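Single-structure report; data block below.
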Amino acid sequence: MANYRLKILEITPVTHDVNRYKVEKPRGYQFTPGQATEVSLLQAGWEAEKRPFTFTNLPSDDHLEFIIKSYDDHEGVTKRLASLSVGDEVEIGDPWGTISFKGEGVFIAGGAGITPFISILRHLRKKNQVGKSILIFANKTNDDIILFEELKAILGHKFINIIAKQKDTAYDKGLVDQAYLKSKISDFDQHFYVCGPPGFMKAVTSSLKTLGADPDTLVFEQ
41 MANYRLKILE
51 ITPVTHDVNR
61 YKVEKPRGYQ
71 FTPGQATEVS
81 LLQAGWEAEK
91 RPFTFTNLPS
101 DDHLEFIIKS
111 YDDHEGVTKR
121 LASLSVGDEV
131 EIGDPWGTIS
141 FKGEGVFIAG
151 GAGITPFISI
161 LRHLRKKNQV
171 GKSILIFANK
181 TNDDIILFEE
191 LKAILGHKFI
201 NIIAKQKDTA
211 YDKGLVDQAY
221 LKSKISDFDQ
231 HFYVCGPPGF
241 MKAVTSSLKT
251 LGADPDTLVF
261 EQ
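Quick note: the sequence shown, position 145, residue 185 per my numbering, numbers continuous.
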């Protein structure tokens with residue numbers, strides 16, 4: 041498995057705790073939308089701390105991009121990433137992952153679990169193949185919604201937001217449970233793409249199966 045040392049070209053904030061990292065792209069490096077790689081910091085004591093992050097750019101771009109949420113409650117890789125500067129280097133490996141586009145369907149994301157879907161949706165828009173696909177995006181507050189304007193531009197009214205912990209939100213309130221899925225989805229004979237925290241993934245996939253979704257149509261990271 042190859043490793044690549046890459047310079048950070050740009051760091052820009054996306055939300056209050058999420059940044060976009062634009063980095064160099066190795067010559068000939070290829071990935072499929074939805075795939076990830078392991079990233080490590082080239083700082084003393086952190087070189088072996090590899091973490092999986094999803095590519096969010098298009099495969100045809102001349103750079104790589106990662107949109108990463110930083111967790112400040114512990115001294116980890118994402119907190120360290122947020123302290124890096126343009127010109128610093130990171131190391132990545134080869135691409136991997138089992139989330140890939142199989143056909144029109146329902147994307148269901150919890151928080152930073154949106155990241156595997158960003159490259160997929162950007163790729164579909166570029167090819168004018170978004171079709172009837174919809175996105176259900178669950179977050180704690182309005183301020184946590186990643187790339188709201190871009191996702192709205194891609195999906196229009198098929199971009200559905202549900203907020204768990206903000207009483208004055210204008211979006212749907214609550215959790216993505218079985219009742220909510222039943223209220224938003226009329227056809228369970230299609231592809232479902234699910235990504236988010238482990239508890240979210242377990243609850244959503246279980247609800248989808250109960251509602252009649254074929255387990256073979258559920259696409260999530262194995």
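Built from N, CA and C at the ideal position, the CB exists for glycine as well.
Everything numeric in this text was worked out from a predicted model, so none of it was measured.
(request) Drop a sphere of 10 angstroms on the beta-carbon of Asn43, count the other beta-carbons inside from all chains shown, and report buried for 16 or more, exposed for fewer. (result) exposed
(message) Tell me the rounded alpha-carbon separation between Gly172 and Ala84.
(response) For clarity, residue 172 is Lys in the given sequence; the question names Gly instead. Each residue's alpha carbon lies about 48 Å from the other.
(request) Alpha carbon to alpha carbon, how far is Thr118 from Val79? Give it in angstroms, no decimals. (result) 10 Å
(message) For a test of the three-state rule: what should DSSP assign to Phe260, helix, strand or coil?
(response) coil
(request) Kindly list the residues whose CB is nearer than 8 Å to the CB of Phe19, restricted to its own chain and excluding five residues on each side of it in sequence; keep chain order. (result) Residue 19 lies beyond the range of the chain shown here (41 to 262); nothing can be said about it.
(request) Name the residue from Thr52, Glu189, Asp256 and Val63 whose alpha carbon lies nearest to the alpha carbon of Arg162. (result) Glu189
(request) Taking 8 Å as the cut-off, decide whether the C-beta atoms of Glu50 and Lys62 are in contact. (result) yes
(message) Going by DSSP, what residue range makes up the beta strand (DSSP E) through Ala219?
(response) Unbroken run through Ala219 is the alpha helix (DSSP H), Gln218 to Lys224; no beta strand (DSSP E).
(message) Using CA atoms only, rank isn't needed, just tell me which of Asp128, Lys224, Asn201 and Gln218 is closest to Thr245.
(response) Relative to the Cα of Thr245, the nearest Cα in the group Asp128, Lys224, Asn201 and Gln218 belongs to Gln218.
(message) List, from N- to C-terminal side, the beta strand (DSSP E) runs of 3 residues or more that fit wholly inside the region 108 to 192.
(response) 129 to 132, 145 to 150 and 174 to 179
(message) So, with DSSP's three-state summary, where would you put Leu215?
(response) If DSSP states are grouped into helix, strand and coil, Leu215 belongs with coil.
(request) Compute the Euclidean distance between the alpha carbons of Lys176 and Glu87, then round it to the nearest angstrom. (result) According to the sequence shown, residue 176 is Ile rather than Lys. Taking the straight line from one Cα to the other gives about 36 Å.
(message) Below 8 Å on the Cβ atoms is my contact criterion, and I expect Gly139 with Pro156 to pass it. Report the Cβ-Cβ distance as a whole number of Å.
(response) Note that residue 139 is Ile in the sequence shown here, rather than Gly. Contact holds; Cβ gap of about 5 Å.
(request) For the alpha helix (DSSP H) containing Thr55, list its first residue and its last residue. (result) Premise fails: Thr55 lies in the beta strand (DSSP E), Tyr44 to Thr55, not in any alpha helix (DSSP H).
(request) Using the Cα positions of Thr209 and Val130, report the straight-line distance between them to the nearest angstrom. (result) 38 Å
(request) With a cut-off of 8 Å on the beta carbons, I'd call Lys109 and Val58 a contact; round off their distance for me. (result) 5 Å
(request) Mind checking which residues open and close the alpha helix (DSSP H) that includes Ser247? (result) Segment Pro238 to Thr250, the alpha helix (DSSP H) holding Ser247.
(message) Excluding the 5 residues flanking Leu248 on each side, which residues of the same chain have their C-beta closer than 6 Å to its C-beta?
(response) Phe232
(request) Please report the residue range of the beta strand (DSSP E) in which Pro92 lies. (result) Arg91 to Thr94
(request) Measure the C-alpha to C-alpha separation of Lys192 and Leu81 and round it to an integer number of angstroms. (result) 33 Å
(message) Determine whether the beta carbon atoms of Lys166 and Leu98 lie at a separation below 8 Å.
(response) yes
(request) Mark Val170 as exposed unless 16 or more other C-beta atoms lie within 10 angstroms of its C-beta, in which case mark it buried. (result) buried
(request) Please classify Leu195: does DSSP put it in a helix, a strand, or coil? (result) helix
(message) Quick check on Asp254: buried or exposed, where buried means 16 or more other Cβ atoms within 10 Å of its Cβ?
(response) exposed
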